[in-house]
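Beneath this line is the structure, given in structure tokens, with notes to follow.
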């Protein structure tokens, strides 16, 4: 019999930090109907007429700040994780890495699995919490691709693993290495999404942003809500670190545009903390399994500068899971048992 195919998928990265490649990446990313979920004409005018032309050069400069001799950190860690997880799984498995946007593409990776005649395919998006704009987009594209195949093998999709004990422990252990230093407060900063996307995910239409603290506790009504899953992840890490609710704040970064996004915004929390005299902050980003632009630059550079201007002193990023051997162990369990 053939091997079992595993498709690991992360969000994506430009092929290089050049303005042309960054514009190409942003165009593909932001034209996804699940990312900017407005009508096609409006999305095209917004993305191709405004965002890509003006944001491209600025984003290219930022990518150059985090780019290494080996390339994009997100892609480097992706290849390392792919190699290590295939080694752990053994000869019965074939593991492919793909990016939802740009290279290596999902189309190419899944075609390799097809040509190598795998018996089944398991799709594992590298996003711990489910969101339509990330995991949902990966699932949709995979289904669109295989829908054109004459013979479709058994396919299984991992939706989320926001509460996986092994993953939680790696985030907590990474943070624990910094706890011998004095920190005035701890932030759990997650990638944000528009509020309208949260409302769309509420099939009841009666819970999201209509119930007080609607995301604070995971329930039957919000079990597929990105924000509720983020809260649960943070609560589990905080429990492992023996933090009290007064010790930390959950917030959301990477806002785009003027529409309301998930709150509180990380930038607003930084100001509130600075106004209270907080000087030193430790930041975890448990929506990212690998360090990337949003952690290495947005947290370590932009928020550090912003916090200093507000009177603060230090914003310390806790490294992500990256290629930590304990994360490889956790990912193996997710692949085998989710």
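In UniProt numbering, the protein residues as written are 1 to 338.
Note that CB positions come from ideal geometry on N, CA and C, so glycine has one too.
The structure displayed is predicted, hence computed values, not measured ones.
Give me, in chain order, the residues of the same chain whose beta-carbon lies closer than 6 Å to that of residue i; leave out the 5 immediate sequence neighbours on both sides.
i, result
"residue 52", "23, 26 and 27"
"residue 19", "56, 57 and 60"
"residue 142", "123"
"residue 12", "99, 100, 101 and 102"
"residue 65", "297"
"residue 159", "130"
Could you have a look at residue i and say whether DSSP puts it in helix, strand or coil?
i, result
"residue 38", "coil"
"residue 230", "helix"
"residue 260", "coil"
"residue 293", "helix"
"residue 160", "coil"
"residue 325", "helix"
"residue 130", "coil"
"residue 300", "helix"
Since I believe residue j is in contact with residue i (beta carbons under 8 Å), could you give me their beta-carbon distance rounded to a whole number of angstroms?
i, j, result
"residue 62", "residue 293", "6 Å"
"residue 314", "residue 281", "7 Å"
"residue 89", "residue 332", "7 Å"
"residue 320", "residue 288", "5 Å"
"residue 192", "residue 255", "6 Å"
"residue 326", "residue 164", "Not confirmed; about 12 Å, so no contact."
"residue 86", "residue 95", "4 Å"
"residue 82", "residue 8", "6 Å"
Tell me where the beta strand (DSSP E) around residue i begins and ends.
i, result
"residue 98", "93-101"
"residue 280", "280-284"
"residue 152", "No beta strand (DSSP E) contains residue 152, which DSSP labels as neither H nor E."
"residue 10", "4-12"
"residue 249", "248-253"
"residue 121", "120-125"
"residue 187", "185-191"
"residue 314", "314-317"
Going by CA-CA distance only, name the one from the options that's closest to residue i.
i, options, result
"residue 73", "57, 16 and 123", "16"
"residue 230", "19, 128 and 338", "128"
"residue 309", "154, 238, 279 and 102", "279"
"residue 312", "297, 274 and 252", "274"
"residue 5", "33, 109, 79 and 220", "109"
"residue 116", "328, 125, 93 and 131", "93"
"residue 201", "21, 76, 133 and 118", "133"
"residue 221", "213, 204, 227 and 71", "204"
"residue 246", "226, 260, 125 and 183", "183"
"residue 125", "78, 150 and 146", "78"
"residue 215", "263, 39, 181 and 176", "263"
"residue 170", "286, 225 and 149", "286"
Which residues in the same chain as residue i place their Cβ atom closer than 7 Å to its Cβ, once the five residues preceding and following it in sequence are excluded?
i, result
"residue 199", "208 and 209"
"residue 161", "128, 167, 334 and 338"
Take residue i and list the residues in its own chain whose beta-carbon comes closer than 8 Å to its own, dropping the five residues that flank it on each side.
i, result
"residue 248", "185, 186, 187, 188, 234 and 238"
"residue 168", "233, 236, 237 and 240"
"residue 136", "34 and 130"
"residue 84", "323, 325 and 328"
"residue 259", "194, 195 and 196"
For residue i, report the span of its alpha helix (DSSP H) as first-last.
i, result
"residue 170", "165-176"
"residue 54", "52-66"
"residue 80", "73-89"
"residue 25", "19-30"
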